[in-house]
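Novice: Please read through the structure below; I'll follow up with questions.
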RNA sequence: UUGUGCGGAUGUGGCGACCGCCCCGCCAUGCGGGGAGGAAAGUCCGAACACGGCAGGACACGGUGGUGGGUAACGCCCACCCGAUUCGCCCGGCUUGCCGGGCGGAUUGAGGGACAGUGCCACAGAAAACAAACCGCCUACGUCUCACGGCUUGUCCGCGAGGCCGGCAAGGGUGAAAAGGUGCGGUAAGAGCGCACCGCCGCGCUGGUGACAGGGCGGGCAUGGUAAACCCCACCGCGUGCAAGACCAAGCAGCGACGAUGGACUGGUCCGGUCCGAUUGAGUCGCGGGUAGGUCGCUUGAGCCCGUGGGUGACCGCGGGCCUAGAGAAAUGGUCGCCCCGUGUGAUUCGUCAUGCGGAACAGGAUUCGGCUUACGAUCCGCACACCCCA
RNA sequence: CGGGGUGUAGCUCAGCUUGGUAGAGCGCGUCGUUCGGGUCGACGAGGCCGUAGGUUCAAAUCCUAUCACCCCGA
């Protein structure tokens, strides 16, 4: 309580940790490794950055601009808080289909299970 | 008092802690400052700005449509005019519960022209647009037949009934609409046939910037509806849109067909203007190849606030103050605590206390402004209606 | 962000230009044909023309707003 947790982890989420170009997205999509988790489809592919990066794809079918923004904020916040617990060194793309927005904890749980399944799949393919 | 509808105003409360996001600045591992809306929405209008070398003319096409004003401009806003609906009061008429007129209030109108022309008006109905006559009404005039009466015995007169030729458009009926309305006179019956009032048309007068209003003279009346049908008139409009466009960097590969008073700039056509071009090929079409990175445009603007003056008002002038997102796979969020508000439950010494839930609707900048339209929880204000209470 | 289009029977569409009767094919139901089914033939049901206003005597059609879906543009 009176001693704040001393952590070496930082929970920032700046522009370097996002997928920003057409090539970034195309490279992950072309790996064609995808897991479904509730309303989310998560694509994953290892990168050589040494940290995880996130890209979001939320089409207009999900809802109007307000609900799209809300979903994207939830997913970014989930990734930000979980970024040291998720499998390290991957590029992720989360594609969202139409649904009612969920709580933050639900998105965190969905993201965690999908990324762990993807890592197992990559390890099997590598070995 | 409560509820509903319409119109208007406000637009997710305050403080703090931690973890974060976008932009800017600095004495730069950090610190400081700024960070969604009234509709940011729909993209329905109008502009700014950019490019098309110039942005010009005619036709076509599209838009707007009472008048005057506001504005950079508008299809927006303001004031006024006119019409429609409704309510109240007054007057007149009669068939006494309806019709007509005047005044006032409220609401409302995409509100130029239907005597420039063309088209359409289904069904019903006799007739749907230089009127006509189904039922009906009439027998005065003309004529025929029959009955009766008269005396001057006739191709006579009177009277009555019926028919024909006719007269009429009041009433019935049809329809969304039937060719001015009401009343009186008039007539064989009727009718603007005549008159009064109202309406309509023409001419001129007065008032008003004007739409228009008022009254005068003349005309018995012609001129149905539809222009959110074509169209006519007046006014406006060149096209494309920040994915406009300017610059930098990177990268590639060409091949085939067609092709000449031809092609490009412009789009629907033509004119004007500019440029390119003649088989060593302007350009068009098809196939194929390369790039999808960066900087600028990018936020100081018909800007906002306050005061003051002018104007009925929209709005405008003057003075002072302020700088208020500018990112581009695209930011303004999450967790928690306290206060505050609403509400449920329990306790209560009726002052409150404890605890649970909720703090919201419509919705988020994407070049920028001015409008319009649509969406919207709660609170407040105004109007209308309903209900309840009191008198 | 900008530009354009479509909503009509269960499905695919016509009708809208020039306003008065809502139609076609497939599908569905009943009957006939057949031993039975298919094919074929006859008859029939099924529509607030996406929604809401307006113009008109009259609107699927004309005008305005709104909702949903689809396409195109560096």
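Residue numbers (this note's numbering): 749 to 875. Quick reminder that beta carbons are idealized off the backbone N, C-alpha and C, glycines included. Given the structure is predicted, the values throughout are model-derived calculations rather than measurements.
(1) Ordered along the chain, which non-local residues of its own chain (more than five positions away) have a Cβ less than 6 Å from that of residue 776?
(2) Taking the alpha-carbon positions, what's the residue 850 to residue 765 distance?
(3) What are the partner residues of residue 839, as DSSP defines its beta bridges?
(4) Run the CB neighbour count on residue 751, radius 10 Å, all protein chains shown included, and call it buried at 16 or more, exposed below.
(5) Can you tell me which residues form a DSSP beta bridge with residue 806?
(6) Any idea what DSSP makes of residue 829, helix, strand or coil?
(7) Leaving out five residues before and five after residue 858 in sequence, what residues of the same chain have Cβ atoms less than 7 Å from its Cβ?
Specialist: To lay it out plainly:
(1) Along the first chain, one-based indexing puts residue 776 at 28. These residues qualify, in order along the chain: 791, 793, 839, 841.
(2) Walking along the first chain from the start, residue 850 turns up at place 102. Walking along the first chain from the start, residue 765 turns up at place 17. In this structure, the CA atom of residue 850 is about 24 Å from the CA atom of residue 765.
(3) Counted from its first residue, the first chain places residue 839 at position 91. Per DSSP, 793, 801.
(4) Looking up residue 751 in the first chain gives position 3. Confidence at residue 751 is low in this model, with a pLDDT of 25, below 50, so the placement of that residue should be treated as unreliable; the coordinate-derived value is given next. Exposed is the call here.
(5) Your numbering for residue 806 matches position 58 in the first chain. DSSP output for residue 806 lists 844 as bridge partner(s).
(6) The residue you call residue 829 lines up with position 81 of the first chain. Looking at residue 829 - three-state DSSP - the assignment turns out to be helix.
(7) Mapped onto the first chain, residue 858 falls at position 110. Counting only Cβ-Cβ distances below 7 Å, and skipping sequence neighbours, we find 785, 786, 788.
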